[in-house]
Amino acid sequence: MSSDPALKNLVKVNDTPAPVEIKTDEVHMKRVARPLRHVKNIPTKQLVFYSKYKEPQFTYDLPIKLPIPARAIVVQVRAAPLNPLDLKIINSYTSNMNSERGIGREYAGVITNIGSKVTGDWKEGDEVCGLYIHPNGFGTLCSSIVIYPSEDAIVHKPKGLSWEEASSWMITFGTAFQALAKCKISKDSNVLINGGSSSVGMMAIQLLKQSYHTENIVAVCSGSAIPLAKQVGAKLCVNYKVNPDVPHVLDVLTTTGVYKDYDDQGNPIEVRDIPGKKFDLILDCVGGYKLVEHCKEYLANGGSYITTVGDYHFNYKSDLYNSWNNVSMGARSWFAGVWNMKYLKLEFNKKPGDWIEVGREMLEAGEITNVIDSTYDWKEYAAAKRKVESGHAHGKVVLKVELF
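Each number in our numbering corresponds to the 1-based position in the sequence shown with 76 added.
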């Protein structure tokens, strides 16, 4: 079909040029700062848990209100260890109806805020470390925490220590220090440390060497931990994996002074490093009934048996906070008195005292060391927890806290 010629006349091509750009004066935008507003809190990032059945998670919803309490200080945390105590507290929360609870009972960091009525030698910028044991409250795996120096043991960070080392010695040192202070110990004492490669065990060995000048120290530990236990001062190590009947080994050792060991090729050898006499002190960092049941065979009259964990053999996957306080321990304390022995369940005193300053001075002088097993970023909490739960950490497990 042909096109209609009339339609062609209706189409008109526009030959008019495009409009010329209208030039205007250039305008420069300037950024103007907003007026300063009063900051009413310190924002924080904190690792919290709700129950043992839920994985811990980070929260940003727990800021520190300003102004801080008059007798408090704020510490920006740099590192905090994960202790068996933390796992026991978490295991105690079996309901899903709890509000958030914190993780971490020790720390090292920098003071950022000081209350108007705080006494003592504290100032902003001081590097400090200390305890923050509030089982039903917040923890130290937090970017900033509020500390009350009159209630929470705190001390200036020992010079020469890393943040990880400075954050993790207080519970270990305090437990060993307080346990040994309850006994009569001399350089001639015969001492047994059950759990010689545990954090408390290694600290106790060092204190025995440095403060009491004790030479005869026997440590019970695994074969892989023997070099470490001897490095911190143990004179003889009993390998419980090679000699599972530890009570019999100790009975023979304290009677004859002979310990049957094995060399690197597996050949039996006899070790005679310890005098054949009963122990004046047994410090049990492992627990269980096996050792204490037979202690009359190798604990001297008037000797002391001190446990830091109680009757139950530790299981950090299921142990509950304060679960080792039971009736049998009270009965055992009574019978020990009848047998002219002392049986004590040590309850660590977390309050401020001379002990924390003594520990700081000894660490700074290099007289003792805080052994670190492993270090993790706090985002790797799950891996750190598995390490502590295994019961095979030779030293402290520490998490690095990010600046926030």
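C-beta: ideal position from N, C-alpha, C; glycine also.
Do you know whose CA, among the options, lies nearest residue i's CA?
i    : options                   : result
K354 : V474, G378, S450 and E241 : G378
G178 : N189, S220, D197 and W198 : S220
G333 : I350, V325, V322 and V267 : I350
P234 : V96, G435, G467 and L158  : G435
G277 : P145, K199, N446 and Y365 : N446
S244 : L158, S265, G429 and N172 : L158
E176 : V150, F134, D197 and K366 : F134
L475 : Q152, L142 and T216       : T216
E291 : I302, I190, S380 and L312 : L312
I209 : D449, F424, K463 and E440 : F424
C218 : P119, Y129 and D327       : P119
E241 : Y457, A458 and T451       : T451
R286 : G467, G309 and A376       : One detail in the question is off: residue 286 reads as Gln in this sequence, not Arg. The option with the nearest alpha carbon to Q286 is G309.
K128 : G352, L207 and S168       : S168
L188 : R147, E203 and T195       : Rather than Leu, the amino acid found at residue 188 in this sequence is Thr. When each option's Cα is compared against that of T188, the closest is E203.
V347 : V328, Q152, E369 and S192 : V328
Locate the beta strand (DSSP E) running through residue i, then write down its first and last residues.
i    : result
P133 : It should be noted that the sequence gives Gln, not Pro, for residue 133. Q133 to T135 is the extent of the beta strand (DSSP E) around Q133.
D356 : F355 to D360
K421 : K418 to K421
V204 : E203 to L207
A148 : Careful: A148 lies outside any beta strand (DSSP E) and carries neither H nor E.
V434 : No beta strand (DSSP E) holds V434; the alpha helix (DSSP H) holding it covers D430 to A441.
A94  : Run containing A94: none; DSSP gives neither H nor E here.
Y374 : First-last for Y374: undefined, no H or E at that position.
I293 : N292 to C297
D453 : I448 to D453
N266 : N266 to N270
F125 : Q122 to F125
K503 : With the chain running from 77 to 480 in the structure shown, residue 503 is simply not present.
What does the alpha-carbon distance come out to for the pair residue i and residue j?
i    : j    : result
V186 : H232 : 10 Å
I140 : K121 : 11 Å
D360 : D137 : 42 Å
A252 : V294 : 16 Å
L283 : V115 : 47 Å
I269 : V477 : 33 Å
E200 : R154 : 15 Å
V403 : G386 : Note that V403 scores a pLDDT of 48, beneath 50, so its modelled location is shaky; the value from the coordinates is reported in the next line. The straight-line gap from Cα to Cα measures roughly 11 Å.
K455 : L123 : 9 Å
M173 : D162 : 19 Å
K421 : A184 : 29 Å
L439 : E373 : 37 Å
W410 : I223 : The predicted position of W410 is uncertain, since its pLDDT is 44 and thus under 50; a value taken from the coordinates is nonetheless stated next. Distance between the alpha carbons of W410 and I223 is about 40 Å.
D228 : P132 : 25 Å
H470 : S300 : 10 Å
K336 : V267 : 19 Å
K317 : V296 : 10 Å
K461 : S274 : 16 Å
K463 : A305 : 19 Å
A459 : G236 : 28 Å
W198 : P211 : 26 Å
F249 : G180 : 17 Å
I149 : D430 : 20 Å
H104 : L479 : 38 Å
E437 : I444 : 10 Å
S226 : I190 : 13 Å
A257 : E433 : 16 Å
V414 : D453 : In this prediction, V414 scores a pLDDT of 45, lower than 50, which makes its location untrustworthy; the coordinate-derived value is nonetheless stated afterwards. Cα to Cα, the separation comes out at about 51 Å.
P323 : N315 : 12 Å
Over what stretch of residues does the alpha helix (DSSP H) that includes residue i continue unbroken?
i    : result
E182 : From DSSP, E182 is part of no alpha helix (DSSP H) but of the beta strand (DSSP E) over E182 to I190.
D162 : P160 to N167
L256 : M246 to A257
G364 : Careful: G364 lies outside any alpha helix (DSSP H) and carries neither H nor E.
I179 : Here I179 belongs to no alpha helix (DSSP H), and DSSP marks it neither H nor E.
K463 : Y457 to S466
K306 : I302 to Q307
V276 : S275 to Q286
A242 : W239 to A242
Take the Cβ of residue i as the centre, count every other Cβ of all protein chains shown within 10 Å, and call the residue buried at 16 or more, exposed below.
i    : result
G213 : exposed
I165 : buried
I345 : exposed
T383 : buried
E182 : buried
Q341 : exposed
V96  : exposed
T331 : exposed
Y365 : exposed
K472 : buried
P303 : exposed
A407 : Residue placement at A407 is poorly supported in this model, since its pLDDT is 49, which falls under 50; the coordinates still yield a value, given next. By the neighbour-count rule (16 or more Cβ atoms within 10 Å), A407 is not buried but exposed.
N343 : exposed
Original post:
Taking the runs of the alpha helix (DSSP H) that are 4 residues or longer, which of them lie wholly in the segment 310-352?
Top reply: 322-332
- Task: Please list the segments of the alpha helix (DSSP H) lying wholly inside the segment 212-236, counting only runs of 4 or more residues, in order along the chain.
- Result: none
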